[in-house]
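Numbering (our numbering), first residue to last: 321 to 883.
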Amino acid sequence: MELSHFGAKVIYTPTLRPVYKANIPLSVRNTFNPDSKGTIISHKSDDTSPSPIKGISSIDHINLITLQGPSMVGVTGTSSRLFGALARNNVNIILITQASSEYSITFAVNPADLPAAKSAISEEFMREIEQNNELRINIEKDLSIIAIVGERMKNTPGISATLFRSLGRNGINVIATAQGSSELNISVVIRSESLRKALNAIHDGFFLSKFKEINLFVTGIGIVGTSLLKQLQKQHDLLFSARRVKVNLIGISNSRKMLIDIKGIDLEKCRDILRSQGEKADLPEFIRRIKKLNLRDSAFIDCTADEKVASTYAGILSSYISVVTANKIACSSEYSYYSELKRIAAEKGVRFMYETTVGAGLPIIKTISDLVLSGDRILKIEAILSGTLNFIFNELGPEMPLSKAIRLAREKGFSEPDPRVDLSGIDVVRKILILSREAGYQIEKEDVQVEMFLPEKCFEGDLNYFYNEVEKFDDEFETRRIELVKENKKWRFFATLDNGRASVKLIAVDSNHPSYNLEGSNNIVLLTTERYRELPMVIKGYGAGADVTAAGVFADLMRVVNV
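Structure below.
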């Protein structure tokens, strides 16, 4: 009777009264599959389900009327007057809730009954409303009611917690709630636009869906984005069979085109589908549609290096959508924006993941965060954070001048699309900023001391101008490299945080230094903390490359799903 009242119209509620009184079992079948077992309703349950609730039902399109004001407090007969007036005008009440302070009474009606209800209340309480100005009528439209029903809900703690947690973590606001003393039913009123999302979220919360689902919106399908999509496609079946995770690609965008499909986009063919079916890219519109879809368990993945994309994170997180990014700009911009993003994520109960902004797939940020969380204090960070520069300086030789090594780094995908970002030290500055902030230091970009190893003149023109200028320094760098070889030293571009001061510069290290044998595009981070004071913690490994960066984004995404 509870379920049928709240929207399960396959049963007309009054027809249950005679079979209930006569103790006659009732069989409910599926109209579209009449041969299925269906549901038996009787005086004795053989239910073996672990869930304390029997079902979820809803009423769409209701209006909420609230009568509130000081003239109701401590005054007997107010409820009698209110509901008597509504009854005389044939207004059916769907749900009632009242504040314990007696300051307000809220009830739900069908939209068709709203004019009659408002007229009846205005007439009955005319003196309190118009003359004394002690009562007012508030009306909210475009609402829905969801009810969870079950006999085993009675005396079972945690039912309300599961209900409100399922709604809250998906950004669904509860406008009103009601629960009878029988504890057979808990009803909540929400916005109609969130009904489908709410029903799915509650179902997952109580019936423990057989798999976890994550809805993805990916922007940036260059070398990192493409690698990520390939990894997701390759692992798709394994994730479902081994981890019970279902990955749905709902939206995809690059600098030219964008596409959103609620039914999902084939991971294997997504680039071709975007090319043939996508519309002109429009970042604000892409974000607006993501928010409008209002899908539960959504994640926005940024594989760009675009400042405009980074500026959208606050709005996305505020819409209860997790953000996974390899884009360093947001976390290395003003400290106020960085802290604001973390605050919003914590407040909304979503994840803001950016491990790959430093060290590609290396667990650097997570390690620092865990150390600080456990009460340790970061005293010093010494790090080679540019896989690009490490690759370049490792490649230098008689047949590999500086300008050629820079071009090679770009060809292999180790550098940013514009290698000047790496060669100017900007990329390393951003990374040491992020690590410093994770370590608990409020540092701005201007606080980082930078010693460039190429003159500023090299960076004044376009990319071709840059390459031409760098060629002028090939001989000079080769001469200096030969001198270092004689001294058994190597160049390393180091970022350092020491006593709250950050700097980046090119230095020469001897064979006793931990970074001396650092090969290829590898990164190394040495963490000196109160616990690791005499012997620093060392994190070392691949710090550049599309595949390892994409793998790091993949890992962050799995943390969003809590795998």
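Heads up, the beta-carbon is just placed ideally off N, CA and C, and yes, glycines get one too.
Local Cβ density within 10 Å of I712, reported as buried at 16 or more and exposed below that: The Cβ neighbour count for I712, taken over all protein chains shown within 10 Å, is at least 16; the residue is labelled buried.
Cβ distance (whole Å) where V956 is taken to contact G745 below 8 Å: Past the edges of the chain, shown from 321 to 883, lies residue 956, and the structure says nothing about it.
I607 in three-state terms, based on DSSP: Residue state, collapsed to three classes: helix.
Report the residue from A601, S639, K724 and V393 whose alpha carbon sits nearest the alpha carbon of I610. Each of A601, S639, K724 and V393 was checked against the Cα of I610, and the nearest Cα belongs to S639.
With a Cβ-Cβ cutoff of 8 Å, do V509 and I465 count as a contact? Cβ atoms of V509 and I465: closer than 8 Å.
Which ranges would you report for the beta strand (DSSP E) in the segment 548 to 617 if only whole runs of at least 3 residues count? As far as the segment 548 to 617 is concerned, its whole beta strand (DSSP E) runs of at least 3 residues are 565 to 573 and 577 to 580.
Could you work out which residue in D767, T799 and Y836 is closest to D818 when comparing CA atoms only? Closest in C-alpha terms to D818, from the list D767, T799 and Y836, comes D767.
Determine contact between the segment 645 to 654 and the segment 847 to 860, defined as no fewer than three beta-carbon pairs at a distance below 8 Å. Verdict: no, contact absent.
Scan the segment 691 to 748 and note each continuous beta strand (DSSP E) run of 3 residues or more that stays entirely inside, going in chain order. Runs found: 698 to 704.
Residue of V644, K648, N784 and N412 minimising C-alpha distance to A665: Out of V644, K648, N784 and N412, V644 has the C-alpha closest to the C-alpha of A665.
Within 10 Å of its beta-carbon, does A562 have 16 or more other beta-carbons around it, so buried, or fewer, so exposed? Exposure of A562 is indicated by the presence of fewer than 16 other C-beta atoms within 10 angstroms of its C-beta.
Just the C-alpha distance for E322 and V880, rounded to the nearest angstrom, thanks. Taking the straight line from one Cα to the other gives about 36 Å.
For A432, I'd like the list of residues in its chain whose CB is within less than 8 Å of its CB, leaving aside the five on either flank, ordered along the chain. Its chain contains no residue whose beta carbon lies nearer than 8 Å to that of A432 once the 5 sequence neighbours on both sides are disregarded.
Have a look at K532 and L705 and give me their C-alpha separation to the nearest angstrom. Within the model, the alpha-carbon separation for K532 versus L705 is close to 35 Å.
Expressed to the nearest angstrom, what Euclidean distance is found between the alpha-carbon atoms of A625 and E675? Pairing A625 with E675, the inter-Cα distance amounts to about 15 Å.
Taking C-beta to C-beta, are I468 and L483 nearer than 8 Å? For the pair I468 and L483, the CB atoms are nearer than the 8 Å cut-off.
Excluding sequence positions up to five away, which residues of its chain have a Cβ less than 6 Å from the Cβ of E776? Excluding residues within five positions, none has a Cβ falling inside 6 Å.
Nonlocal neighbours in the same chain, by C-beta distance under 8 Å from G358, ignoring five residues either side: Cβ within range, chain order: S347, V348, R349 and N350.
Identity of the residues DSSP links to I492 by a beta bridge: Paired residues: none, contrary to the question.
Excluding the 5 residues preceding and the 5 following L434 in the sequence, name in chain order all residues of the same chain whose CB lies nearer than 6 Å to its CB. The residues are N383.
In terms of residues, what are the limits of the alpha helix (DSSP H) holding G404? In the DSSP assignment, G404 falls within the alpha helix (DSSP H) that extends over T398 to R408.
For L336, the nearest candidate out of G491, I361 and D462 (CA to CA): Taking only the C-alpha atoms, the option nearest L336 is I361.
Quick one: give me the first and last residue of the beta strand (DSSP E) that H906 is part of. What the structure shows of the chain is the stretch from 321 to 883, and residue 906 is not part of that stretch, so it cannot be assessed.
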